[in-house]
Amino acid sequence: MFAAALSQSSLPVLAEKDFASLARLLETKAGISMSPAKRELLQARLRSHVHQSGLEGFASYVKQLERLPSDDPEWQTFVNLLTTNKTEFFREKGHFDYLERTFMPSWMKSKNQDLRVWCAAASTGEEPYTLSMSLGRSLQPGKRVEILATDIDTDVLEKAKRAVYRKEILQQIPPELREAVVSRGTEEIAHWVRIRREVKDRVIFAQHNLILPDPPRRDFDLIFCRNVLIYFSPATIEKVAKKLYEAAKPGALLFIGHSESLQNLKHPWTYVSPSIYRKKAGL
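With the sequence shown counted from 1, adding 30 to any position gets you our numbering.
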């Protein structure tokens, strides 16, 4: 116990000045806004990395970051350590009910063959794979779904690409879908499941920073950008909302988190219902 306490006391402590500098650098790089109330959180996520890097403390780490070129790999490590990746399958299920009951029946009647979807905060893959499961069961012959799943955090994207999860996630997937969308492990891997190929193959993963000006494409029919705007300042949300609009086809839908809103912000989207917006047709 004494050794553990000694080890803990040797870790760096984050001063208010250094927190302000790190918070500024994080917002510049990733758009993530951290209030002073998040000081302990930032310290907890960075202190082992700072200590293991052989630096004297957070002040030295700030100086190191400020000297680095913009493409140095340490910036990605910095962002990865400070991103939040809470997610699950069929999270906020109402959105998927809307897709299956309202959007897909209409889209199926159209002449379009390819449905292009952008999952803009993919995390460890639960959301894009849910989209593949949900949209896939409504598909008819001759129709295809292509999902671009992006995230700023390269570590979570690697986990997402593996498509392997603890078997407890089965409780998040509707019972009638489970056997069709996952393969169960046996013997020594009985505690794990893998997303089936037909679900996985609809998803393409790529690293992307939402605060960069250009979207990855400009022809999406559906955009999911859920539970990420809450980490941005109002000014950054407005910039991201505009970028998402530029990525969307006329008539495309945008889904944000149920706890998020574009109300009282400047943006081009048309309100459909809580957390769902549409791009005007013909634009």
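Glycine included, each C-beta is placed from N, C-alpha and C at the ideal position. None of these values were measured; they are calculated from a predicted model.
- The way I'd put it, the region 106-126 does touch the region 152-165; three or more beta-carbon pairs between them come closer than 8 angstroms.
- Going by C-alpha positions, residue 215 is about 7 angstroms away from residue 221.
- At a Cβ-Cβ threshold of 7 angstroms, residue 254 and residue 149 count as neighbours.
- For residue 189, the CB contacts under 6 angstroms within the same chain, skipping 5 residues up- and downstream, are 154 in chain order.
- Three or more Cβ pairs closer than 8 angstroms define a contact, and the region 66-74 falls short of that threshold against the region 246-260.
- Counting the other CB atoms within 10 Å of its CB gives residue 256 a total of 16 or more, which places it among the buried residues.
- Taking 8 angstroms as the upper bound for CB-CB distance, residue 168 and residue 130 are in contact here, some 6 angstroms apart.
- Under DSSP, the beta-bridge partners assigned to residue 223 are 195 and 214.
- If only uninterrupted beta strand (DSSP E) runs of at least 3 residues are considered, those enclosed by the region 220-275 are 222-225, 233-237 and 250-254.
- Taking C-beta separations shorter than 7 angstroms and ignoring five residues to either side along the sequence, the partners of residue 184 in its chain run 106, 110 and 237, following chain order.
- Judged by DSSP in its simplified three-state form, residue 135 adopts helix.
- Cβ atoms of residue 85 and residue 112 stay farther apart than 8 angstroms, at about 17 angstroms.
- The C-alpha of residue 207 lies about 11 angstroms from the C-alpha of residue 229.
- At a cut-off of 4 residues, the continuous stretches assigned as alpha helix (DSSP H) that sit fully inside the region 65-149 are 69-82, 88-97, 103-112, 124-128 and 134-139.
- Contact check for residue 240 against residue 270 passes: the beta carbons are separated by less than 7 angstroms.
- For residue 47, the uninterrupted alpha helix (DSSP H) segment begins and ends at 46-60.
- At a Cβ-Cβ threshold of 7 angstroms, residue 42 and residue 87 count as neighbours.
- Between residue 311 and residue 281, the CB-CB gap stays under 7 angstroms.
- Bridge partners of residue 303 according to DSSP: 306.
- Closest in C-alpha terms to residue 174, from the list 244, 162, 305 and 304, comes 162.
- Bounds of the beta strand (DSSP E) holding residue 280 are 278-285.
- Of the candidates 278, 165, 98 and 143, 165 places its Cα closest to the Cα of residue 134.
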